[in-house]
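According to this note's numbering, the sequence shown is numbered sequentially starting from 2. Note that the Cβ used here is the ideal one computed from N, Cα and C, for glycine as well.
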Amino acid sequence: MSDAPGLAPSTGILALSAVDAIAEIRKGHLSPLDVVDAAIDRIEATDAGINAIPVRCFEAARGEARRLMEKKAAGEDWPLLCGLPLAVKDNTDVAGVPTSGGSALTARGAPEISTPAIDRLQRNGAIVVGKSNLSELGGANTTNALFGATRNPFFPALTAGGSSGGSAAALAAHQVYLAHGNDVGGSLRTPAAFCGVAGLRPTPGLVPRKPLSDPFDTVFVEGPMARTIPDLALMLDAMAGFHPPDLLSREHPASFRNAAARPGWAERIAVSEDLGLLPVDHDIRSAFRGAIDRLQPAGCRMSETAPDLAGLPRVIRALRGLAYLATWGRLWPQSRERFTPEVAGDIGHGESLSARDIAAAMEQRAAIYRRMQTFFREFDILICPTVQVAPFPVEIMWPAEIEGTASKIYIDWIMITYVWSILGCPALAVPAGRDGAGMPVSLQVVGPPHSEERLISFAARIEQAFSSPS
């Protein structure tokens, strides 16, 4: 563990939650330009140490803040997000800002339109101040050949996680109030856990997705990241909704802000520190147990159990290989040397699969999904750790072993998030204090598909418990 000091906490405007900053704007105590300027100043003052926002659009952001203020002066109402500064992951299009994906293979010029989720956020009054760093072509340690590594704001020698690591670090460093991410195997949740913020992987279809090479995919999702649960719920309200070109897209009649405003325990809660099949670092287990012990006196009643997920890691490996081959196969023959070893390994595994292998993986996933459905008829919510390991040195791509169990493949150390992705479950990384070394502790709260309201209400109650004196 590094003893290097992290960033000093921010004060003033950026210390406010998104909800409170909006309230101040609506009262006339702050303006969109005030909060955008504060974010720009904070990024310029702190980002050299963490590298969270390598692509910046500051003058465009100031111009948009002024336009919002002019509309208000002309008699229009403030939009939902009132001009709050937003970071957008740099594999996602923002009109007028280049998109790289963290790789020379995918870097391209500025698009004319934003992707659907970002367009919804912008129409609801979010102002993009920059693009956040990410793992090259996806991964769980935010580093790439174009922009380098993003560092953990609390311990800069350590990783911020990935692949939405820049967004998580920007939030933890109080550079922005809200941040966008997306998730395949844990990219909204792993960095949220490492950086002590909240990140939600929603049920596929709740938030409209960017155009995908496979529009039938159910694993890739867009989602919100924030410092508090009410802020995350606010952002989810702003970005969720129906988008006809997205095959999975649907309307959402619920208000997630209302769910966050009604914190409450679920009645039937399952708890597991390893899901009955995964290696988990001793320090993570200890911190998880400490957090669970903190919740029980607050009225949370739990049962030690987990669904039967036996065989799911093998399924994930096969379906990930298939997905990577489908996405990158056209570039693979002539560009093998340009892929990272991790991505190359996934594509190569996809090439090695037979039709029988793929059919077996799909059949087994269906069987596990049915077992998961049975489990969630008995329990409302499952709590498990968000990560299997603590943040590690930023130069290490992935941990070679976990508590004596060798990591055979790159994704072994993120299986605790990946299992929920492959089953289509919403999963929310909830900050739960710090451990004895000062590292953030995170609880992963999981429910059946379409249970986001319940998860958010439950997470808000967890947040209350950790905000109260112990």
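For the alpha helix (DSSP H) holding residue i, just list the boundary residues, first then last.
{"i": "M373", "result": "356-379"}
{"i": "Q335", "result": "333-336"}
{"i": "P192", "result": "191-196"}
{"i": "R494", "result": "The shown model of the chain, from 2 to 471, leaves out residue 494, and the question about it has no answer."}
{"i": "P386", "result": "Counting along the chain, P386 falls outside any alpha helix (DSSP H), though it belongs to the beta strand (DSSP E) covering 382-386."}
{"i": "L429", "result": "Where L429 is concerned, there is no enclosing alpha helix (DSSP H), although the beta strand (DSSP E) it sits in stretches over 428-435."}
{"i": "M240", "result": "230-240"}
{"i": "L172", "result": "166-173"}
{"i": "D184", "result": "Segment 179-184 is the beta strand (DSSP E) holding D184; no alpha helix (DSSP H) there."}
{"i": "S353", "result": "342-353"}
{"i": "G291", "result": "283-296"}
{"i": "A161", "result": "From DSSP, A161 is part of no alpha helix (DSSP H); its letter is neither H nor E."}
{"i": "R455", "result": "453-468"}
{"i": "I417", "result": "416-424"}
Can you give me the Cβ contacts of residue i inside the same chain, cut-off strictly under 6 Å, excluding the 5 residues immediately before and after it?
{"i": "T387", "result": "R190, A194, A430, S443, Q445"}
{"i": "I23", "result": "C83"}
{"i": "D48", "result": "I54"}
{"i": "F148", "result": "P55, N134"}
{"i": "L81", "result": "N125, G126, A239"}
{"i": "E305", "result": "V272"}
{"i": "S250", "result": "G206, P209, F243, H244"}
{"i": "F376", "result": "P308"}
{"i": "A461", "result": "I230, A261, P264"}
Grab me the residues of residue i's own chain with a C-beta within less than 8 Å of its C-beta, minus the 5 sequence neighbours each way, in chain order.
{"i": "N114", "result": "According to the sequence as given, residue 114 is Ile; it is not Asn. Around I114: D94, A96, D120."}
{"i": "S3", "result": "With a pLDDT of only 42 at S3, under the threshold of 50, the placement of this residue in the model should not be trusted, and no figure is reported."}
{"i": "A403", "result": "In the sequence under discussion, the amino acid at residue 403 is Ile, which differs from the Ala named in the question. Excluding sequence neighbours, I403 sits near P280, V281, D282, Q389, V390, D413, W414."}
Would you kindly check if the distance between the Cβ of residue j and the Cβ of residue i is under 8 Å?
{"i": "I423", "j": "I317", "result": "yes"}
{"i": "R258", "j": "L235", "result": "yes"}
{"i": "V177", "j": "A46", "result": "no"}
{"i": "L85", "j": "V129", "result": "no"}
{"i": "L198", "j": "P432", "result": "Looking at the sequence shown, residue 198 is not Leu but Val. Result yes, Cβ atoms of V198 and P432 sit closer than 8 Å."}
{"i": "L31", "j": "I14", "result": "yes"}
{"i": "A324", "j": "L354", "result": "no"}
{"i": "G139", "j": "S214", "result": "no"}
{"i": "G131", "j": "C196", "result": "no"}
{"i": "G312", "j": "I359", "result": "no"}
{"i": "F156", "j": "G7", "result": "yes"}
{"i": "G103", "j": "N142", "result": "no"}
{"i": "I417", "j": "C385", "result": "yes"}
{"i": "P192", "j": "D247", "result": "no"}
{"i": "S11", "j": "K90", "result": "no"}
{"i": "I415", "j": "G182", "result": "no"}
{"i": "E454", "j": "A255", "result": "yes"}
{"i": "G425", "j": "T219", "result": "yes"}
{"i": "W421", "j": "V447", "result": "yes"}
{"i": "G300", "j": "W266", "result": "yes"}
Closest to residue i by CA distance: which of the options is it?
{"i": "R371", "options": "D309, T219, G84", "result": "D309"}
{"i": "A118", "options": "C426, G242, T306", "result": "G242"}
{"i": "S168", "options": "M226, I128, A307, L201", "result": "M226"}
{"i": "R202", "options": "D215, K211, P216, G224", "result": "G224"}
{"i": "R109", "options": "D238, I26, P99", "result": "P99"}
{"i": "R27", "options": "V185, G126, A146", "result": "G126"}
{"i": "H451", "options": "R321, W329, Q374", "result": "Q374"}
{"i": "P212", "options": "E25, P245, D413", "result": "P245"}
{"i": "I51", "options": "G300, R152, S104", "result": "R152"}
{"i": "P231", "options": "G330, A261, V208", "result": "A261"}
{"i": "A66", "options": "Q123, A111, P112, R357", "result": "Q123"}
{"i": "V344", "options": "Q335, W329, A356", "result": "W329"}
{"i": "I397", "options": "G162, A288, R302", "result": "G162"}
{"i": "L456", "options": "A16, D38, E268, W333", "result": "E268"}
{"i": "I463", "options": "R337, T204, T229", "result": "T229"}
{"i": "G439", "options": "P427, A288, E137, D275", "result": "A288"}
{"i": "T341", "options": "S136, P334, A61", "result": "S136"}
{"i": "S408", "options": "P314, N92, D38", "result": "P314"}
{"i": "G200", "options": "P441, D436, A428", "result": "A428"}
{"i": "D436", "options": "F467, I410, P449", "result": "F467"}
{"i": "E379", "options": "P449, T116, D294", "result": "P449"}
Within its chain, find whatever has a CB closer than 7 Å to the CB of residue i; leave out the 5 residues flanking it on each side and keep chain order.
{"i": "E352", "result": "L326"}
{"i": "F393", "result": "L159, T160, P400"}
{"i": "A5", "result": "Note that A5 scores a pLDDT of 47, beneath 50, so its modelled location is shaky and nothing firm can be said."}
{"i": "Q465", "result": "P264"}
{"i": "M70", "result": "S32, P33, L34"}
{"i": "Y419", "result": "G186, G187, I317, I412"}
What are the boundary residues of the beta strand (DSSP E) that includes residue i?
{"i": "R202", "result": "199-202"}
{"i": "Q445", "result": "441-447"}
{"i": "P225", "result": "222-227"}
{"i": "V272", "result": "270-272"}
{"i": "E1", "result": "A query on residue 1 cannot be resolved here, the shown segment of the chain reaching from 2 to 471 and no further."}
If we require 4 or more residues per run, which alpha helix (DSSP H) segments fall completely within the segment 11-55? Fully enclosed alpha helix (DSSP H) runs of 4 or longer: 19-28, 33-51.
Entirely enclosed alpha helix (DSSP H) segments - the segment 58-142, minimum 4 residues: Every unbroken stretch of the alpha helix (DSSP H) spanning 4 or more residues and falling wholly within the segment 58-142 is given here in chain order: 59-74, 117-124.
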